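Before any comments, here is the structure.
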Amino acid sequence: MGDITCKFGGSSLADASCFRQVEKIIHANPQRRFIVPSAPGKRDTKDKKITDLLYAWHNMAKQGLDASEPATIIAERFSELARELGVHFDIEKHLAEIAAQVSMHATPDYMASRGEYLNGRLMAEVLNATFVDPADCIKFSKSGDLDPVTYELLGQCLNGSGLFVVPGFYGSLPSGEIKTFSRGGSDISGSIVARASTSALYENWTDVSGFRMADPRIVPEAKRIEEITYQELRELSYMGATVLHDEAIYPVREHKIPIHIRNTKDPDSPGTLIVADRESKTPVCGIAGRAGFSMITIAKALMNKERGFGFRVLEVLEEFGIAWEHMPTGIDDISLIIRDEEIGDLGDKMMNEITKRCDPDEISLSPGLAMIATVGKGMNHHVGVAARLCSALAGADINIRVIDQGSSEMNIIIGVEEQDLARAVRVIYYAFESWT
Ligand code: ADP
Ligand code: ASP
Ligand code: MG
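Encoded structure:
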């Protein structure tokens, strides 16, 4: 029986009744000792997440606009939480400190981190737990990667009896400046805390009863996945299954600490267990997709014989600082699939540079692509997976613009028009839901 690290997402901490529920969950099992809270999330669909309000505050202040609206909403939400939970929490003092930092040009990372910081302070009061500030022990290198010294530093901070609260989402750079992970990054903090505290289990408490075979907003009836491997999970979360941040598996994977996805509002539900390895009973375990991709297509006669052609294309991308996702190729053509946010407003310049260096016969950049991953370690050597997927899409009259299967044979990725995304996910789900 070892200790358990519990991360609670924003929707699990949106109001005082959520906090009470979290308290109940923690007290129900004395092994639950390391608590990682996110910032308060939405109470209903029209509500605002505290993290978004903090970014808004920063943006407005940066442009010299009056940011009293987001600042007031944040103050009210935390005051209400403290009042309803009956704990002493001097929110005015904390907000004055944030406002002072804003006037000294606080970074967006510092601002965004305050949601988790304040919620962590509040949660430590509620639970009578030791508060550990990740600024002191979750360390990034200058280049922004996690510094492995973190595990030792954090391990020392978590050494002792009782409960510990470590806010999610941030740490600090060697300069001492606050740095956050990317959005949804409290999942990564939870994983780091699980490893540093040598927990036997990492419970990730959210607002769904486990990982479903497809996004429940697209396929509400999608089946729950009982067990999934770290790698399958990463492939799905990277492609849009946002239940867990795709990088959250790395800190725990080496130590094989399982991650258990559970529902705060339904703690008796079995959830999904993420493990190092599993027996696969079906070829496909999940489907995930996201919009927001563009495709560069380059054609040139006898490209196959031209040494260094691909290198020159990729060199341009590297020089522009653009990461790419997939590169399907033919004999005389090559395509690159890139996230729109990577291209930003560099599209024209990048295309001109590729044209200059590669002298293609044809070149185009087309936006509006959605990518869908169909994932499962059981598809390795299973005949007919791609055939089934393609014929299901053909039956629904959905055009596949690109198709790519990694050599690990664990993932088939297809590109479709953005407007076909939801329909394609549904069609693929039903093609594989009960296929063994
Ligand atoms: P938290 O605030 O707890 O971090 P998130 O909003 O980040 O929670 O993640 C949970 C959400 O992920 C769910 O509410 C659901 O809408 C979404 N989601 C996307 N894909 C899936 C999937 N395959 N299974 C379950 N939930 C999914
Ligand atoms: N609060 C942060 C966000 O909204 C981190 C997290 O919730 O995991 O992205
Ligand atoms: Mg999340």
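Okay, so the sequence shown: first residue is 72 according to my numbering, each after it adds one. The beta carbon of each residue, even a glycine, is placed where N, CA and C say it ideally should be. Because the structure is a prediction, the values reported are computed rather than measured.
Beta-carbon contacts of residue i that lie in its chain and below 7 Å, excluding the five residues immediately before and after
{"i": "residue 338", "result": "96"}
{"i": "residue 461", "result": "471"}
{"i": "residue 188", "result": "238"}
{"i": "residue 293", "result": "283, 284, 285, 287, 500"}
{"i": "residue 133", "result": "none"}
{"i": "residue 93", "result": "79, 83, 84, 335"}
{"i": "residue 422", "result": "434, 436"}
Beta-carbon proximity check, residue i vs residue j, cutoff 8 Å
{"i": "residue 235", "j": "residue 184", "result": "no"}
{"i": "residue 414", "j": "residue 393", "result": "yes"}
{"i": "residue 495", "j": "residue 469", "result": "yes"}
{"i": "residue 121", "j": "residue 77", "result": "no"}
{"i": "residue 335", "j": "residue 83", "result": "yes"}
{"i": "residue 356", "j": "residue 281", "result": "no"}
{"i": "residue 371", "j": "residue 432", "result": "yes"}
{"i": "residue 114", "j": "residue 75", "result": "no"}
{"i": "residue 444", "j": "residue 307", "result": "yes"}
{"i": "residue 125", "j": "residue 175", "result": "no"}
{"i": "residue 193", "j": "residue 160", "result": "yes"}
{"i": "residue 411", "j": "residue 364", "result": "yes"}
{"i": "residue 497", "j": "residue 289", "result": "yes"}
{"i": "residue 318", "j": "residue 259", "result": "yes"}
For residue j and residue i, believed in contact at Cβ under 8 Å, the rounded distance
{"i": "residue 206", "j": "residue 249", "result": "6 Å"}
{"i": "residue 428", "j": "residue 378", "result": "About 14 Å separates the two Cβ atoms, so there is no contact after all."}
{"i": "residue 487", "j": "residue 425", "result": "About 25 Å; that fails the 8 Å criterion."}
{"i": "residue 301", "j": "residue 345", "result": "6 Å"}
{"i": "residue 275", "j": "residue 217", "result": "With 8 Å as the limit, residue 275 and residue 217 do not qualify as a contact, their Cβ atoms being about 18 Å apart."}
{"i": "residue 111", "j": "residue 153", "result": "Contact flag wrong, Cβ pair sits at about 12 Å."}
{"i": "residue 508", "j": "residue 131", "result": "The question about residue 508 has no answer here: the residues shown for the chain are numbered 72 through 507."}
{"i": "residue 256", "j": "residue 313", "result": "That pair is no contact at about 12 Å."}
{"i": "residue 117", "j": "residue 144", "result": "About 13 Å separates the two Cβ atoms, so there is no contact after all."}
{"i": "residue 295", "j": "residue 343", "result": "7 Å"}
{"i": "residue 439", "j": "residue 489", "result": "5 Å"}
Residues near residue i in its chain [Cβ-Cβ closer than 6 Å; skip 5 each side]
{"i": "residue 353", "result": "449, 507"}
{"i": "residue 195", "result": "202, 236"}
{"i": "residue 492", "result": "360, 362, 441"}
{"i": "residue 208", "result": "224, 225, 228"}
{"i": "residue 407", "result": "367, 395, 398"}
{"i": "residue 127", "result": "141"}
{"i": "residue 169", "result": "185"}
Residue i, buried or exposed, once every other Cβ within 10 Å from all chains shown has been counted against 16
{"i": "residue 151", "result": "exposed"}
{"i": "residue 286", "result": "buried"}
{"i": "residue 63", "result": "This structure cannot speak to residue 63, because the chain is shown only from 72 to 507."}
{"i": "residue 129", "result": "buried"}
{"i": "residue 262", "result": "buried"}
{"i": "residue 136", "result": "exposed"}
{"i": "residue 266", "result": "buried"}
{"i": "residue 277", "result": "buried"}
{"i": "residue 200", "result": "buried"}
{"i": "residue 390", "result": "exposed"}
{"i": "residue 233", "result": "exposed"}
{"i": "residue 191", "result": "buried"}
{"i": "residue 323", "result": "buried"}
Chain-order list of residues whose beta-carbon lies under 8 Å from that of residue i (same chain, five-residue window excluded)
{"i": "residue 374", "result": "380, 402, 403, 404, 405"}
{"i": "residue 509", "result": "Beyond the ends of the chain as shown, which are 72 and 507, falls residue 509; an answer cannot be given."}
{"i": "residue 243", "result": "205, 206, 207, 209, 210, 211, 249, 250"}
{"i": "residue 331", "result": "272, 273, 274, 275, 342, 343, 344, 345"}
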